[in-house]
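Peer 1: One gets my numbering by counting positions in the sequence shown from 1 and adding 12 to each.
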Amino acid sequence: MQRAHPPEVIQELAKGRAKEFATEVAGDPQFWVTTLELAVGEVFERMLGSRLETPGRGLPPHARKQAAAERKLDTTAVVGLAGPLCGMLSVRCSRRSAARMAARMLGMDGAVSGPDLWDAIGEICNMVAGHFKSKIPNLGEACMLSVPTVITGADYALHTSVHQHIRTVLLFEREPVVFLLEVHHDCAMRKPHR
Numbered sequence: 013m014q015r016a017h018p019p020e021v022i023q024e025l026a027k028g029r030a031k032e033f034a035t036e037v038a039g040d041p042q043f044w045v046t047t048l049e050l051a052v053g054e055v056f057e058r059m060l061g062s063r064l065e066t067p068g069r070g071l072p073p074h075a076r077k078q079a080a081a082e083r084k085l086d087t088t089a090v091v092g093l094a095g096p097l098c099g100m101l102s103v104r105c106s107r108r109s110a111a112r113m114a115a116r117m118l119g120m121d122g123a124v125s126g127p128d129l130w131d132a133i134g135e136i137c138n139m140v141a142g143h144f145k146s147k148i149p150n151l152g153e154a155c156m157l158s159v160p161t162v163i164t165g166a167d168y169a170l171h172t173s174v175h176q177h178i179r180t181v182l183l184f185e186r187e188p189v190v191f192l193l194e195v196h197h198d199c200a201m202r203k204p205h206r
């Protein structure tokens with residue numbers, strides 16, 4: 013995964029300048045994408061023994077192919093965030109990818125379906141949300157997570173009142189997985205008014 017900000021950015025947050033540094037990067041969406049991708053990568057490596065890939069960028073045929081693939085994503089896990097960071101984090105993938113993720117997480121060779129699949133994809137979303145918030149000093153303990161919710165089927169629309177969308181698409185076993193952090197308008201991620 014490509015990182016626009018090196019890991020030193022996150023280390024700098026922990027050096028006692030957290031408040032000032034967080035204000036500096038609050039309006040920088042790339043910081044949040046990088047932090048989200050870092051959290052996702054670490055969860056997938058530790059819990060699934062899998063490295064995610066960044067899809068190729070810039071080629072129109074590939075973009076069309078990726079958009080078509082995203083329309084087939086029919087499994088979505090959602091975890092709500094409350095506290096200094098409020099909104100939700102979602103993981104959206106195909107049922108086939110969700111089943112493979114669940115099998116890896118549960119250490120199973122066969123197909124995973126039904127409640128086991130839903131529990132596993134919900135827990136993956138929960139771990140990503142928890143790992144993401146733990147990367148931001150003073151946010152980990154202050155930000156609470158909801159119980160995961162899993163939506164099956166691709167024909168739905170989710171409407172939220174959000175200030176900022178932090179979205180990244182990564183490949184799990186060559187298939188797209190969309191990670192979306194939606195932050196409500198009155199949360200701490202935006203720059204403070206002066």
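The beta-carbon is built from N, C-alpha and C at its ideal position, and this holds for glycine as well. If you're wondering where the values come from, they're calculated on a predicted model, not measured in any experiment.
Could you check if M169 is buried or exposed, using at least 16 other CB atoms within 10 Å of its CB as the buried criterion?
Peer 2: Reading the sequence as shown, one finds Ala at residue 169 and not Met. A169 should be labelled exposed.
Peer 1: With which residues is V162 paired in a DSSP beta bridge?
Peer 2: A89
Peer 1: Given L101, which residues of its chain have a CB within under 6 Å of its CB, disregarding the five upstream and five downstream residues?
Peer 2: V91, A141, L193
Peer 1: Closest to V189 by C-alpha separation, out of A110, E54, G61, C98, would be which residue?
Peer 2: A110
Peer 1: Exposed or buried, what is G61 when buried is set at 16 or more other beta-carbons lying within 10 Å of its beta-carbon?
Peer 2: exposed
Peer 1: Is L157 closer than 9 Å to K145 when the C-beta atoms are compared?
Peer 2: yes
Peer 1: Which class does L151 belong to by DSSP, given the choice of helix, strand or coil?
Peer 2: DSSP, reduced to helix, strand and coil, places L151 outside both helices and strands of the structure shown, so it counts as coil.
Peer 1: Hey, would you say T180 sits closer than 9 Å to L48, going by beta carbons?
Peer 2: yes
Peer 1: As a quick exercise: from A115, P127, T66, pick the residue whose alpha carbon is nearest that of V2.
Peer 2: Residue numbering for the chain in the displayed model covers 13 to 206; residue 2 lies beyond these limits and cannot be assessed.
Peer 1: Anyone know if the C-beta pair for F184 and F43 falls short of 9 Å?
Peer 2: Not closer than 9 Å, so no.
Peer 1: Where DSSP assigns a beta bridge to A51, which residues make up the other side?
Peer 2: For A51, which the question treats as bridged, DSSP gives no partner whatsoever.
Peer 1: So, helix, strand or coil for H143, using DSSP?
Peer 2: helix
Peer 1: When burial is assigned at 16 or more other CB atoms within 10 Å of the CB, is M113 buried or exposed?
Peer 2: buried
Peer 1: Since C105 contacts L118 with CB under 8 Å, what's their CB separation in whole angstroms?
Peer 2: About 16 Å separates the two Cβ atoms, so there is no contact after all.
Peer 1: So Q118 is in the alpha helix (DSSP H); what residue range does that whole segment cover?
Peer 2: The residue asked about is misnamed: residue 118 is Leu in this sequence, not Gln. L118 -> alpha helix (DSSP H) spans 107–118.
Peer 1: Just to confirm my understanding: we take G165, look at its own chain, exclude 5 residues before and 5 after, and list those with CB closer than 7 Å. What are they?
Peer 2: D86
Peer 1: Since V159 and I133 are thought to touch, with beta carbons under 8 Å apart, how far apart are those beta carbons, to the nearest angstrom?
Peer 2: About 13 Å separates the two Cβ atoms, so there is no contact after all.
Peer 1: Decide if T172 is buried, meaning its Cβ has at least 16 other Cβ atoms within 10 Å, or exposed.
Peer 2: exposed
Peer 1: Taking DSSP as the reference, what is the three-state secondary structure of P60?
Peer 2: A quick correction: the sequence has Leu, not Pro, at residue 60. It is helical.
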